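Okay, so here's the structure we're looking at.
Residue numbers (the working numbering): 245 to 400.
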């Protein structure tokens, strides 16, 4: 069990867990999950952390087939600019290792932004808190349990 799954279980939130054998040599954890689980990559979302000009860490959840638009994230968060967070800072704040960072059950409650494309799918997949472990849930459930807000933060 991971903190993400513990949170969902305790809240009795509807979700399904999927696991696969993670290859440590893989270049993209999210695309690996889509491929190994036979999922539409548009429904698999990666969790990225960005840092505002004031040093605030922000969580961004975007499709694995796209990239994070840092300007759009800054706009959504009401800050001047964002850059990708230092991986060590991301790991410390979330309690998860890079490649297995879940938007759910993080050590510190961080403001979370979910790409609005998540709302186009009945369910989406995000990391369950460990490489090789994904959780499938409705985007609304993810937003509820992360206090996340939807915004157009992904790019193509």
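All C-beta atoms, glycine included, are put in the ideal place defined by N, C-alpha and C. Please read all numbers here as calculations on a predicted model, not as lab measurements.
Review point. Which residue from 305, 278, 370 and 268 puts its Cα closest to that of residue 399?
Key: By 1-based counting over the chain shown, the position of residue 399 is 155. For residue 399, the nearest C-alpha among the options comes from 305.
**Study point:** Proximity to residue 257 [Cα-Cα], best of 367, 316, 302 and 311
**Key:** Numbered from its first residue, the chain shown carries residue 257 at position 13. Residue 257 has its Cα closest to that of 367, out of 367, 316, 302 and 311.
Review point. Should residue 353 and residue 315 be called a contact, given that it needs their Cβ atoms to be closer than 9 Å?
Key: As a working note, residue 353 is residue 109 in the chain shown. As a working note, residue 315 is residue 71 in the chain shown. No, the pair does not count as a contact, with Cβ atoms beyond the cut-off.
Review point. What residue from 350, 349, 332 and 348 has the CA that sits closest to residue 342's CA?
Key: In the chain shown, residue 342 corresponds to position 98, counting from 1. Minimum Cα distance to residue 342 is reached at 332.
Exercise for review: With DSSP as the reference, please indicate the residues paired to residue 359 in a beta bridge.
Suggested key: On the chain shown, position 115 is the one that residue 359 refers to. Per DSSP, 395.
Practice item. Please state if the CB of residue 322 and the CB of residue 349 are separated by a distance shorter than 9 Å. Key: Taking the chain shown and counting its residues from 1, one reaches residue 349 at position 105. Taking the chain shown and counting its residues from 1, one reaches residue 322 at position 78. Cβ distance not < 9 Å, so residue 349 and residue 322 don't count as in contact.
Check your understanding: Based on Cα-Cα distance, which residue from 275, 378 and 293 lies nearest to residue 355?
Key -> In the chain shown, counting from the first residue as 1, residue 355 sits at position 111. Comparing Cα-Cα distances from residue 355 to each of 275, 378 and 293, the minimum goes to 293.
**Study point:** residue 362 beta carbon less than 9 Å from that of residue 345
**Key:** Position 101 of the chain shown, counting from 1, holds the residue named residue 345. Position 118 of the chain shown, counting from 1, holds the residue named residue 362. Contact: no.
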